[in-house]
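Q: Let me begin by handing over the structure; questions about it come next.
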Amino acid sequence: MENKKAYDYLIVGAGLFGATFAHEATRAGKRCLVVDKRPHRGGNVYCEDADGIHVHKYGAHIFHTDNTEVWQYVNRLVTFNRYTNSPVARYRDRLYNLPFNMNTFYQLWGVTTPAEARAKIEEQRAKYAHITRPANLEEQALTLCGPDIYERLIKGYTEKQWGRPATELPAFIIRRLPFRFTFDNNYFNDAYQGIPIGGYNVLVDALLEGSDVRLGTDYFKEKATLDEAAATVLFTGCIDEFFDYRFGHLDYRSLRFEERRLETDNFQGNAVVNYTERAVPYTRVIEHKHFEFGKQPHTVVTYEYPDDFAPGKEPYYPVNDERNNALYTRYKALADETAHVLFGGRLAQYTYADMDDTIAAALSLWKSL
Ligand code: FAD
Ligand code: UDP
Numbered sequence: 006m007e008n009k010k011a012y013d014y015l016i017v018g019a020g021l022f023g024a025t026f027a028h029e030a031t032r033a034g035k036r037c038l039v040v041d042k043r044p045h046r047g048g049n050v051y052c053e054d055a056d057g058i059h060v061h062k063y064g065a066h067i068f069h070t071d072n073t074e075v076w077q078y079v080n081r082l083v084t085f086n087r088y089t090n091s092p093v094a095r096y097r098d099r100l101y102n103l104p105f106n107m108n109t110f111y112q113l114w115g116v117t118t119p120a121e122a123r124a125k126i127e128e129q130r131a132k133y134a135h136i137t138r139p140a141n142l143e144e145q146a147l148t149l150c151g152p153d154i155y156e157r158l159i160k161g162y163t164e165k166q167w168g169r170p171a172t173e174l175p176a177f178i179i180r181r182l183p184f185r186f187t188f189d190n191n192y193f194n195d196a197y198q199g200i201p202i203g204g205y206n207v208l209v210d211a212l213l214e215g216s217d218v219r220l221g222t223d224y225f226k227e228k229a230t231l232d233e234a235a236a237t238v239l240f241t242g243c244i245d246e247f248f249d250y251r252f253g254h255l256d257y258r259s260l261r262f263e264e265r266r267l268e269t270d271n272f273q274g275n276a277v278v279n280y281t282e283r284a285v286p287y288t289r290v291i292e293h294k295h296f297e298f299g300k301q302p303h304t305v306v307t308y309e310y311p312d313d314f315a316p317g318k319e320p321y322y323p324v325n326d327e328r329n330n331a332l333y334t335r336y337k338a339l340a341d342e343t344a345h346v347l348f349g350g351r352l353a354q355y356t357y358a359d360m361d362d363t364i365a366a367a368l369s370l371w372k373s374l
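Counting from 1 along the sequence shown, just add 5 to a position and that's the residue number in my numbering.
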């Protein structure tokens with residue numbers, strides 16, 4: 006007779022993927038044990054309370070989506086505020102609005118109408134018209150925006166972020182940045198956007214309601230006992246680690262955060278300021294209170310420094326170049342044949358996924374069962 010397991014699912018990782026899956030499974034009457042090696046829930050969306058300011062401990066997180074189903078799903082659990090991300094870029098002693106829009110073009114060239122802006126950009130791009138198939142990020146950026154925008158707003162930021170010359174980076178990274186001819190500083194084109202009132206922990210707690218959660222628990226250190234506890238495992242950690250790096254290590258890009266509490270009510274006037282110059286070692290400064298229109302007398306800012314990944318550091322971004330994608334494909338094939346284990350989330354799927362994509366993927370995995 007088969008042993009009765011204490012749980013239907015052991016979920017490794019209390020991030021958004023694991024928590025969304027746990028929510029669906031629990032609603033369907035399944036018993037879930039969620040473990041995370043970190044001392045808190047939420048994975049990278051975790052916020053720490055600094056006297057009323059929710060500090061995004063693993064980098065700024067802005068919820069934005071075009072997916073109505075996901076938007077309705079999260080709105081059943083939390084209320085979102087009206088925050089719209091409008092980062093400001095600082096290059097030397099000048100400020101520019103992002104994403105590239107009429108405000109930016111005015112700041113760069115003094116042009117005041119869309120027709121003038123288009124003409125100026127055409128003039129900037131003309132020199133690079135011979136590049137029909139951009140081979141790298143630099144060529145992609147120059148053919149899209151021309152040298153002024155590239156030199157001031159893209160090159161330094163991108164090279165810091167990825168730790169490599171732009172000529173050695175894949176072109177697709179830069180296709181993410183919208184480009185528009187209206188005076189609109191909204192960084193995203195999505196229909197819905199905001200920050201959960203009370204911070205992301207409220208959302209994560211709602212998702213994990215009804216699940217047993219064990220923190221400070223590294224799956225690999227207690228694998229045999231944990232596996233024994235559940236019929237099926239959902240693994241949301243690094244896929245190369247799961248298979249003990251049998252084909253080699255996947256590359257990641259890491260970050261280092263320097264947090265400061267300042268006894269001033271307003272340090273930079275915006276939640277996000279990007280530093281696009283190579284000589285400044287950090288890429289952005291986040292002033293957390295502005296995500297929630299905070300009125301506290303103090304403030305908390307975080308300087309974000311890109312960092313090489315090494316064991317013991319956080320794997321923030323997958324490096325989806327050819328070598329790594331090929332390596333991931335081999336791990337994925339192993340994952341597909343591993344019985345009783347499901348794989349999901351940005352680390353197990355080695356993908357750059359926003360929060361809405363992560364939630365959608367977890368819902369879709371649940372439905373597929
Ligand atoms: P994670 O949040 O990484 O959760 C995985 C969890 O698994 C972690 O808590 C980890 O500790 C745990 N784990 C791993 N291995 C083990 C183990 N062996 N044992 C136990 N536990 C383990 N998305 C947006 O939509 N908007 C944004 O503005 C945005 N900004 C971002 C900024 C940064 C710097 C980063 C890195 C990401 C950003 N994202 C943003 C993406 C967002 O963070 C992800 O979509 C989401 O957090 C992914 O959730 P996840 O559960 O897949 O992964
Ligand atoms: N980027 C840039 N200048 C900026 C902001 C972004 O050149 O001021 C480029 C950079 O290459 C970055 C990419 O655009 O990696 C994507 O930026 P986004 O803000 O979407 O990335 P994330 O928040 O995920 O780091």
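Positions of the beta carbon are idealized from the N, C-alpha and C atoms, including for glycine. On a predicted model such as this, the values are computed, not experimentally measured, just so you know.
1. Please report how far the alpha carbon of Met-6 lies from the alpha carbon of Gly-23, in whole angstroms.
2. Where do the ends of the beta strand (DSSP E) carrying Cys-52 lie?
3. Flag Leu-82 as yes when its Cβ comes closer than 6 Å to any non-hydrogen atom of the ligand FAD, and as no otherwise.
4. What are the uninterrupted segments assigned as beta strand (DSSP E) that are 3 or more residues long and contained completely in the stretch 73 to 104, given in chain order?
5. For His-295 and Lys-160, I'd like the C-alpha separation in whole angstroms.
6. Among Asn-275, Gly-299 and Tyr-78, which one has its Cα closest to the Cα of Arg-289?
7. Alpha carbons only, please: which of Thr-241, Glu-342, Val-285 and Leu-374 is nearest the one belonging to Pro-320?
8. Indicate the three-state DSSP secondary structure (helix, strand or coil) for Asn-279 in the structure shown.
9. Give me the Cα-Cα distance between Ser-91 and Ala-19, rounded to the nearest whole angstrom.
10. So, with DSSP's three-state summary, where would you put Ser-369?
11. Tyr-192 and Leu-103 look like a contact to me (Cβ under 8 Å); what is the Cβ gap, rounded to whole Å?
12. Can you list, in chain order, the residues of its chain whose CB lies under 7 Å from that of Ser-369, leaving out five sequence neighbours each side?
13. Along the alpha helix (DSSP H) that carries Phe-22, what are the first and last residues, could you check?
14. If I follow the unbroken alpha helix (DSSP H) through Glu-327, where does it start and stop?
15. In three-state DSSP terms, what is Met-6?
16. Using a 10 Å radius around the Cβ and a threshold of 16 neighbouring Cβ atoms, would you call Lys-372 buried or exposed?
17. If I measure Cβ to Cβ from Leu-100 and keep anything under 6 Å in the same chain, skipping five residues before and after, which residues do I get?
18. With a threshold of 8 Å on Cβ separation, who are the neighbours of Asp-359 within its own chain once the five nearest residues in sequence on each side are excluded?
19. Roughly how many angstroms separate the alpha carbons of Ala-55 and His-293, rounded to a whole number?
20. What's the gap between the Cα of Glu-128 and the Cα of Arg-157?
21. In chain order, what residues of the same chain lie with their CB nearer than 7 Å to the CB of Glu-164, ignoring the 5 residues before and after it?
22. Which same chain residues, not among the five before or five after Val-75, have their C-beta less than 6 Å away from its C-beta?
23. Is it the case that the stretch 211 to 225 contacts the stretch 113 to 129, given that we only count it when at least three CB pairs across the two stretches are under 8 Å?
24. Pull up the distance between the alpha-carbon of Ala-33 and that of Asp-13, whole angstroms please.
25. Does the beta-carbon of Tyr-336, which I'm using as the reference point, lie nearer than 6 Å to any heavy atom of the ligand FAD?
A: If we stick to the structure as given:
1. Bear in mind that a pLDDT of 46 at Met-6, under 50, signals an unreliable position, so the number given afterwards is only what the model happens to contain. Distance between the alpha carbons of Met-6 and Gly-23 is about 30 Å.
2. 52 to 55
3. no
4. 93 to 96 and 99 to 102
5. 27 Å
6. Asn-275
7. Thr-241
8. strand
9. 29 Å
10. helix
11. 6 Å
12. none
13. 21 to 32
14. 327 to 341
15. Reliability of the predicted coordinates at Met-6 is poor, the pLDDT of 46 falling under 50, and no value is obtained from them.
16. exposed
17. Val-93
18. His-69 and Thr-70
19. 10 Å
20. 17 Å
21. Pro-170, Ala-171 and Arg-283
22. Asp-361, Ile-364 and Ala-365
23. no
24. 11 Å
25. no
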